[in-house]
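Trainee:
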Amino acid sequence: MKRFPFYQQLDAMDCGPTCLRMVANYYGKTYSLQTLRQKSYITREGVSLLGLSDAAEAIGFRTLMAKIPFEKLKQEAPLPFIAHWRQRHFVVVYGFANNEVQVADPGHGLIRYSRQEFLEGWLHGQSKDTQAGIVLLLETTPAFYSTDDEEASRPQSFTFIVGYLKPYRRFMVQLFMGMLAGSFLQLLFPLLTQSIVDVGIHQQNISFVNLILAGQLLLFFSRTAVEMIRSWILLHIGTRINISILSDFLIKLMKLPLGFFDTKMTGDLLQRIGDHRRIETFLTSSTLTVVFSLVNLLIFGLVLVYYDLSIFGVFLLGSLLYAAWILLFMKRRRALDFKIFDQMAANQSNLIQLITGMQEIKLQNCERQKRWEWERIQAKLFKVNIRTLTLNQYQQSGSVFINEAKNIFITYMAAKGVMEGEITLGMMLAVQSIIGQLNAPINEMIGFIRNFQDARISLERLGEIHQKKNEEASNEQKVILFPEDGSLALKNVSFRYEGAHTGSVLHAISLTIPQGKVTAIVGASGSGKTTLLKLLLKFYEPTQGEIRLGGMGFSHFSNRHWRERCGAVMQDGYIFSDTIARNIAVGDEYIDRERLVYAVKVANMQEYIESLALNYTTKIGQEGLALSQGQRQRILIARAVYKNPDYLFFDEATNALDANNERRIMENLKGFLEGKTVVVVAHRLSTVVHADQIIVLDKGQIIEQGTHSELASQRGAYFQLVKNQLELGT
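Per our numbering, residue 17 is the first one in the sequence shown, and the count goes up by one each step.
(1) As a quick exercise: from Ile537, Val242, Asp324, Arg655, pick the residue whose alpha carbon is nearest that of Glu699.
(2) Could you pull the DSSP bridge partners for Asp714 from this structure?
(3) Counting Cβ pairs, one atom from each stretch, are 3 or more of them under 8 Å apart for the segment 431 to 442 and the segment 389 to 403?
(4) Closer than 8 Å is the cut-off here; do at least three beta carbon pairs connect the segment 338 to 347 with the segment 470 to 485?
(5) Check whether the segment 687 to 706 and the segment 652 to 664 touch, using three or more Cβ-Cβ pairs below 8 Å as the test.
(6) Helix, strand or coil: how does DSSP classify Thr240 here?
(7) Sort out for me which residues DSSP pairs Lys88 with in a bridge.
(8) In the structure shown, what three-state DSSP assignment does Glu155 receive?
(9) Check the C-beta distance from Leu751 over to Ile529 and give it rounded, since I have them as a contact under 8 Å.
(10) Apart from the five residues just before and just after Val107, which ones in its own chain have a Cβ nearer than 7 Å to its Cβ?
(11) Give me whichever residues DSSP pairs with Thr79 in a beta bridge.
(12) Where does Pro171 sit, in a helix, a strand or coil, going by DSSP?
(13) Given Pro2, which residues of its chain have a CB within under 8 Å of its CB, disregarding the five upstream and five downstream residues?
(14) Roughly how many whole angstroms lie between the Cα atoms of Leu227 and Tyr410?
(15) Please specify which runs of the alpha helix (DSSP H), each continuous and at least 4 residues long, are wholly inside the segment 604 to 651, giving them in chain order.
(16) My guess is that Phe192 and Val306 are in contact by the Cβ rule of under 8 Å, so how many angstroms apart are they, rounded?
(17) When you measure from the CB of Leu343 to every non-hydrogen atom of the ligand ZN, does any distance come out below 7 Å?
(18) Applying the 10 Å Cβ sphere with the 16-neighbour rule, what's the burial state of Gln385?
(19) Going by beta carbon distance, what residues of the same chain come within less than 7 Å of Ala615, once the five residues before and after it are set aside?
(20) Near Leu196, what residues of its chain come up, given a Cβ to Cβ distance below 8 Å and the 5 sequence neighbours on each side ignored?
(21) For Pro158, count the other beta carbons within 10 Å of its own beta carbon; 16 or more makes it buried, fewer makes it exposed. Which is it?
(22) Between Leu251, Arg679, Asn363, Val151, which lies nearest to Tyr110 when the distance is taken from Cα to Cα?
(23) Should Phe134 be labelled buried (16 or more other beta-carbon atoms within 10 Å of its own) or exposed?
(24) State the CB to CB distance for the pair Val618 and Leu685, rounded to an integer number of angstroms; the pair is presumed to be in contact (CB under 8 Å).
(25) Scan the segment 515 to 600 and note each continuous beta strand (DSSP E) run of 3 residues or more that stays entirely inside, going in chain order.
(26) Confirm, please, whether the CB-CB distance from Gly646 to Asp604 is below 8 Å.
(27) Pull up the distance between the alpha-carbon of Ile451 and that of Lys422, whole angstroms please.
(28) Gly334 to Gln91, Cα distance in whole Å?
(29) For Ala489, which of Asn366, Pro273, Ala72 has the nearest alpha-carbon?
(30) DSSP three-state label for Thr746, please.
(31) Are Gln359 and Val400 close, meaning C-beta to C-beta below 8 Å?
(32) May I ask you to report which of helix, strand or coil DSSP gives Ile228?
(33) Considering just the uninterrupted stretch of the alpha helix (DSSP H) at Asp353, what are its terminal residues?
(34) For the alpha helix (DSSP H) holding Lys507, just list the boundary residues, first then last.
(35) Taking a contact to mean a Cβ-Cβ separation below 8 Å, would you say Leu154 touches Thr79 in this structure?
(36) Could you tell me if Arg731 is buried or exposed, where buried requires 16 or more neighbouring beta carbons within 10 angstroms of its beta carbon?
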């Protein structure tokens, strides 16, 4: 029977797609994890069983979701199938044998559970009377075998990473020469020790002993100098490489579509950034150290062979056993590394939430509940750390025993050789010194293997990011010259966010946004207004239908160049921890003072800013001066005005402002908006009353369209939305 194929899940929410990937591979088809993620509509909460069923049918499986008793499952279910595990996880069941259940758990590996253990996980949280669990049964169809086998995304190659070392070849040569010099200097120490015993002490020549000791002192200073230079060069290379790798990672993140960040936890991305340190350590310290160790091993090994071949044989056998014992635990160590990554990512996300949400936590008096959430994560992390410690203790205890047994046996052989006159006492001391010098390279090579495994795991996780498609492919030719007619036309546009069988947020939207006019979009909360704005900003692509700009398909235009022509004030606009000036002129390296002052005047903030001690250089944001919601909105309005775009998108841009500030800002904006294409999402009548056209959305559909006077006279949905405001105005 062939071994069941196993894949490790890369993220905490990847268990479902990874299970499907294993089943597809079992039947002979290879799919990338990213493909199966997309087909199963993965979100931050993972995937549903319905989403997995959709993905499986999309690649040619026939599926059946069932709630079934264990005995019937064992007798009738086709293997392999996917089981819902502990109400929050998915595993593959691929066999029943000797009253055991064979399970492929994407988070833990291939496991055998007893009947009782399997039922505890499968029926977790259910009534004992039910004795039925949830499974997704899978059978192949002809369509499965007729589709082309997809090339699986391979883990990021080390050649990609080694490329970062190429600019530092000159330093690498210097390091290698230094290592070689250090190896020969170390080689002299055991020879000098032998000379002291066999010549100086044996002949009672104190002058010779003094000379040799002086030579050892000189060699020690020389070796120390070489090590210091080596450390400085390593620090220089390591820092530069780490910055380069991290910079490339951030460049890649910024090229990804916004939808990617909708499905990724903040802690997960922060942990991946931490993974870069392991790669940098492997590239600089570990790789160079193992080269140094190999040189030492070769030189001192040849010297030991010269002294005594049998002792070298014992050393070689003991070292091989030592290495074999260490390697025996590497697979389990890898599995634990993924668990630690998941728990640390959850810990990071939770801590960020605790700190940034402290005001709401105190307001709702939920300090204890939030602290308990954090403590539960720490408890899980503690359990994983205990398992890691236990593994390391077994690994270390066995390796130390093998290593010490080898050293003791070599000491016995050397002492016996001295007593039998085969070697001198000085030779015995030299052999002991050489063994000590040889043990260090062996330990360093074992450390290299561990670091190699860590770096490889990190590369897999980073490769998952680097191999994702950019928002815009670099080889794709996009239009950067925009037509004279800048009107936007939507034709039967529908959109839904990721998720299996989620309803459309927008449904068959058809409208024209004329150039140089103001279009207002109103509707109840959740009607799709903000989503429509994000489609116009090219954050997402429509699920169905098309958007056209000046008669040309919207998708043909460069996202970057389109956003250069757009200014936006979003509900969740971000204030950076930087000066007021830098928060307004976020895209400029050198700030235009006149534009800055004009933008601040339009946003009605000049008096407030100039009353501050540092004026425009006052730091605001999380690490600076705290702003009220109204002040934050005015900074965002000033940011949009400073950009001076052709298109402006306002999403409840004045909802946090008082009536006086709003009136002043709207008056200031009149001249600025002249000739610009403006789309305004708002609930306030004062913001939309003068719009050239008003679009009324309800449940993702356009139900009314016209000017304020036309819609108010119809006494329909628009009238009901602004009824109270109309009465206040009379």
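Ideal Cβ positions, reconstructed from N, Cα and C, are used throughout, including at glycine.
Mentor: Concretely, from the data shown:
(1) Checking the sequence, you will find His at residue 699 rather than Glu. Comparing Cα-Cα distances from His699 to each of Ile537, Val242, Asp324, Arg655, the minimum goes to Ile537.
(2) Gln717
(3) no
(4) no
(5) yes
(6) Helix, per DSSP.
(7) Partner residues in a beta bridge of Lys88, as assigned by DSSP, do not exist.
(8) strand
(9) Because the chain in this structure spans residues 17 to 746, residue 751 falls outside the shown range and cannot be described.
(10) Cys35, Ala99, Trp101, Val119, Ala120, Asp121
(11) Leu154
(12) Below a pLDDT of 50, predicted positions are generally treated as unreliable, and Pro171, at 48, falls in that range; no measurement from the model is reported.
(13) Examination of residue 2 is not possible in this model, given that the chain is present from 17 through 746 alone.
(14) 47 Å
(15) 609 to 618, 622 to 626
(16) About 12 Å; that fails the 8 Å criterion.
(17) The model depicted lacks the ligand ZN and carries no ligand whatsoever.
(18) By the 10 Å Cβ count, Gln385 comes out exposed.
(19) Excluding sequence neighbours, Ala615 sits near Ile600, Ala654, Val657, Tyr658.
(20) Val311
(21) When all chains shown are included, Pro158 counts as exposed.
(22) Out of Leu251, Arg679, Asn363, Val151, Val151 has the C-alpha closest to the C-alpha of Tyr110.
(23) buried
(24) Leu685 and Val618 do touch by the CB rule: their CB atoms are close to 6 Å apart, below 8 Å.
(25) Listed in chain order, the complete beta strand (DSSP E) runs (minimum 3 residues) inside the segment 515 to 600 are 522 to 529, 534 to 539, 560 to 565, 582 to 585.
(26) Cβ atoms of Asp604 and Gly646: not closer than 8 Å.
(27) If you take the alpha carbons of Ile451 and Lys422, they lie about 10 Å apart.
(28) Approximately 51 Å between the Cα atoms of the pair.
(29) Pro273
(30) Residue confidence for Thr746 is low, a pLDDT of 45 falling below 50, so the modelled location carries little weight; the figure read from the coordinates is stated next. Correct three-state label for Thr746: coil.
(31) Taking C-beta atoms as the reference points, Gln359 and Val400 count as a pair closer than 8 Å.
(32) Per DSSP, reduced to three states, the secondary structure at Ile228 is helical.
(33) 346 to 372
(34) Unbroken run through Lys507 is the beta strand (DSSP E), 504 to 511; no alpha helix (DSSP H).
(35) In contact: Leu154 and Thr79 (Cβ atoms closer than 8 Å).
(36) exposed
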